[in-house]
Amino acid sequence: MRRGDFPKLAQLWQEQIDPAEQAALDRLAGDIKRTARRRGALEVLFTLLGFAGLGLALVVLRPSTLPLGAGFAALGAVMLYVMWKRRGIVEGARRLATGDPDTFFAAAVENARAELSLSRFGLWVMPPGYAFMLVLLTASDGVIGVQSIARFLLVKNAMMTLGHLVLLTGLWLTFLRLDLKLSAQLRRLERMSREWEGEDTRDRTAAP
Amino acid sequence: MDERITGNASGRDESDENGSPAVLFERVIARHIGMISRIALAYEADPALRRELVQEILLAVWRSLAKFRHDSSLKTFVAGIAYKRSISHVARAARRPKSAPLPDAMASEEPLPDEISSRNQLKGRLRELVRTLPLAQKQAMVLCLEDFSFKEIGDTLGISAHAAAMRCQRAKDALREAMENWI
Numbered sequence: 024m025r026r027g028d029f030p031k032l033a034q035l036w037q038e039q040i041d042p043a044e045q046a047a048l049d050r051l052a053g054d055i056k057r058t059a060r061r062r063g064a065l066e067v068l069f070t071l072l073g074f075a076g077l078g079l080a081l082v083v084l085r086p087s088t089l090p091l092g093a094g095f096a097a098l099g100a101v102m103l104y105v106m107w108k109r110r111g112i113v114e115g116a117r118r119l120a121t122g123d124p125d126t127f128f129a130a131a132v133e134n135a136r137a138e139l140s141l142s143r144f145g146l147w148v149m150p151p152g153y154a155f156m157l158v159l160l161t162a163s164d165g166v167i168g169v170q171s172i173a174r175f176l177l178v179k180n181a182m183m184t185l186g187h188l189v190l191l192t193g194l195w196l197t198f199l200r201l202d203l204k205l206s207a208q209l210r211r212l213e214r215m216s217r218e219w220e221g222e223d224t225r226d227r228t229a230a231p
Numbered sequence: 121m122d123e124r125i126t127g128n129a130s131g132r133d134e135s136d137e138n139g140s141p142a143v144l145f146e147r148v149i150a151r152h153i154g155m156i157s158r159i160a161l162a163y164e165a166d167p168a169l170r171r172e173l174v175q176e177i178l179l180a181v182w183r184s185l186a187k188f189r190h191d192s193s194l195k196t197f198v199a200g201i202a203y204k205r206s207i208s209h210v211a212r213a214a215r216r217p218k219s220a221p222l223p224d225a226m227a228s229e230e231p232l233p234d235e236i237s238s239r240n241q242l243k244g245r246l247r248e249l250v251r252t253l254p255l256a257q258k259q260a261m262v263l264c265l266e267d268f269s270f271k272e273i274g275d276t277l278g279i280s281a282h283a284a285a286m287r288c289q290r291a292k293d294a295l296r297e298a299m300e301n302w303i
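And the structure:
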């Protein structure tokens with residue numbers, strides 16, 4: 024490539040999209056408004072389902088005692104906290120697209136750290152939270168006392184408890200996999216950010 | 121170089137000035153969908169994943185147009201979103217852009233069957249070489265290849281026009297070296 028060849032390369036670059044791909048892109052673009060509406064509706068639906076689940080649990084289970092009520096309230100509070108944090112992260116990720124370009128990497132790394140932090144919180148809270156929920160559900164059925172609840176869960180309903188254990192393990196491993204992905208994502212972002220800063224330094228040292 | 125740095129003083133296309141988000145989006149599709157796709161091409165080799173990336177970029181553009189303040193051109197605004205989404209995509213993906221060695225056929229001195237296939241091979245090679253550039257140089261190079269002025273590149277990447285000029289020069293040098301090694 025000679026020095027004067029760059030315009031030819033630019034022309035070559037701009038010919039990259041063939042007519043078939045162009046047609047596919049046009050179709051994709053035509054569907055964007057529908058896709059955006061569908062995703063928006065799904066987000067609202069999931070939020071509503073979360074709140075409806077909490078409400079339903081309170082109505083159906085009707086916590087009969089103050090400790091039971093407090094237990095369900097604590098579980099509900101944790102769920103609301105996670106939903107609120109999750110929403111902040113999603114909004115943060117959206118804002119990245121239109122934020123200042125010079126602060127993009129810092130904001131992207133910060134958002135990835137927040138996501139990883141929430142994921143770690145979920146990993147730690149999920150096993151005791153699930154066990155706590157099982158105990159609350161058992162107590163709601165009128166089984167009172169630590170020994171009675173333990174007998175109910177581990178002897179009388181051992182298969183059901185085993186099912187819950189399998190479900191919890193599956194969920195926890197899924198969350199662990201997500202956590203590992205997020206860690207890798209954060210490392211990649213940090214590496215790209217360093218790369219970017221290195222290039223920035225080269226720009227500044229070479230500036231007239 | 122100075123002319124490219126100065127370019128259109130505001131970097132704006134007057135016809136970008138007006139329009140509701142819906143109208144602006146139609147304009148983006150009509151004028152810039154190719155650029156969006158080529159930016160995605162520089163970051164993602166897999167066609168299916170590239171289409172996903174283009175969709176993510178278009179969704180981000182669709183959501184962001186209400187915030188378009190007209191203090192830059194629509195092209196610069198869209199390119200900025202496209203490159204940021206592409207970086208997020210690369211960070212999420214489990215792999216780096218491919219930097220595979222050249223297939224033997226491409227390094228061969230034998231004449232190619234015809235001009236079209238030769239041009240297609242050149243395009244493919246250019247794509248590969250752009251993908252292997254370091255991130256910051258790749259961003260500048262893609263915008264250079266899209267005929268952005270240095271001011272527009274600076275606006276898109278959040279750097280000065282002079283920094284953009286130097287970054288482009290380094291990217292061009294790297295590309296030239298890679299092409300010479302290939303030929």
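Residue numbers (my numbering), protein chains in the order written: chain A, 24 to 231; chain B, 121 to 303.
Idealized CB from N, CA, C, for every residue including glycine.
With 16 as the cutoff for other CB atoms within 10 Å, does residue i come out buried or exposed?
i: residue 257 of chain B; result: buried
i: residue 219 of chain A; result: buried
i: residue 287 of chain B; result: buried
i: residue 142 of chain A; result: buried
i: residue 198 of chain B; result: buried
i: residue 131 of chain A; result: buried
i: residue 271 of chain B; result: buried
i: residue 69 of chain A; result: exposed
i: residue 276 of chain B; result: buried
i: residue 121 of chain A; result: buried
i: residue 300 of chain B; result: exposed
List the residues of chain B that residue i touches, going by C-beta distances under 7 Å, in chain order.
i: residue 219 of chain A; result: 255 and 256
i: residue 48 of chain A; result: 153, 157 and 174
i: residue 226 of chain A; result: 279, 283, 286 and 287
If you draw a straight line from the C-alpha of residue i to the C-alpha of residue j, how long is it?
i: residue 90 of chain A; j: residue 189 of chain A; result: 28 Å
i: residue 72 of chain A; j: residue 107 of chain A; result: 14 Å
i: residue 164 of chain A; j: residue 175 of chain A; result: 11 Å
i: residue 171 of chain B; j: residue 146 of chain A; result: 33 Å
i: residue 151 of chain B; j: residue 55 of chain A; result: 16 Å
i: residue 187 of chain A; j: residue 196 of chain A; result: 14 Å
i: residue 113 of chain A; j: residue 138 of chain A; result: 9 Å
i: residue 59 of chain A; j: residue 179 of chain B; result: 6 Å
i: residue 153 of chain A; j: residue 75 of chain A; result: 19 Å
i: residue 203 of chain B; j: residue 185 of chain B; result: 16 Å
i: residue 341 of chain B; j: residue 195 of chain B; result: A question about residue 341 of chain B goes unanswered here, because the residues of chain B that appear run from 121 up to 303.
i: residue 237 of chain B; j: residue 246 of chain B; result: 14 Å
i: residue 160 of chain B; j: residue 48 of chain A; result: 12 Å
i: residue 187 of chain B; j: residue 61 of chain A; result: 21 Å
i: residue 284 of chain B; j: residue 267 of chain B; result: 13 Å
i: residue 80 of chain A; j: residue 102 of chain A; result: 13 Å
i: residue 159 of chain A; j: residue 183 of chain B; result: 43 Å
i: residue 185 of chain A; j: residue 168 of chain B; result: 41 Å
Taking residue i as the query, report the chain A residues whose CB atoms sit under 7 Å from its CB, ordered along the chain.
i: residue 161 of chain B; result: 39
i: residue 243 of chain B; result: 35, 38 and 39
i: residue 206 of chain B; result: Result: empty, since nearest Cβ-Cβ is about 11 Å, beyond 7 Å.
With a threshold of 8 Å between beta-carbons, can residue i be considered close to chain C, or not?
i: residue 58 of chain A; result: Protein chains A and B are contained in the structure displayed, whereas chain C is not.
Report the neighbours of residue i on chain B: residues whose CB is nearer than 8 Å to its CB, in chain order.
i: residue 29 of chain A; result: 264 and 292
i: residue 215 of chain A; result: 207, 210, 211 and 255
In chain A, which residues lie with their C-beta within 8 Å of the C-beta of residue i?
i: residue 175 of chain B; result: 51, 55 and 58
Mind listing the chain A neighbours of residue i? Cutoff is C-beta to C-beta under 9 Å, in chain order.
i: residue 168 of chain B; result: Under the 9 Å cutoff, chain A gives no residues; its nearest Cβ is about 11 Å from residue 168 of chain B.
| Listed from N- to C-terminal order along the chain, which residues in the stretch 271–286 of chain B have their beta-carbon within a distance smaller than 7 Å of any beta-carbon of chain A? | Hits within the stretch, in order: 276, 277, 278, 279, 282, 283 and 286.
| What are the residues of the stretch 108–137 of chain A that lie near chain B, defined by any Cβ-Cβ distance shorter than 7 Å? | Residues passing the 7 Å Cβ filter: 117, 119, 120, 121, 123, 124, 125, 127 and 131.
| said: By the 7 Å beta-carbon criterion, what residues does the stretch 185–204 of chain B contribute toward chain A? | reply: For the stretch 185–204 of chain B, the set of positions with a beta-carbon nearer than 7 Å to some beta-carbon of chain A reads 187, 200, 201 and 204 in chain order.
| task | Could you please tell me which residues of the stretch 169–180 of chain A, in chain order, have their CB closer than 7 Å to any CB of chain B? | result | Within the stretch 169–180 of chain A, no residue has a Cβ that lies closer than 7 Å to any Cβ of chain B.
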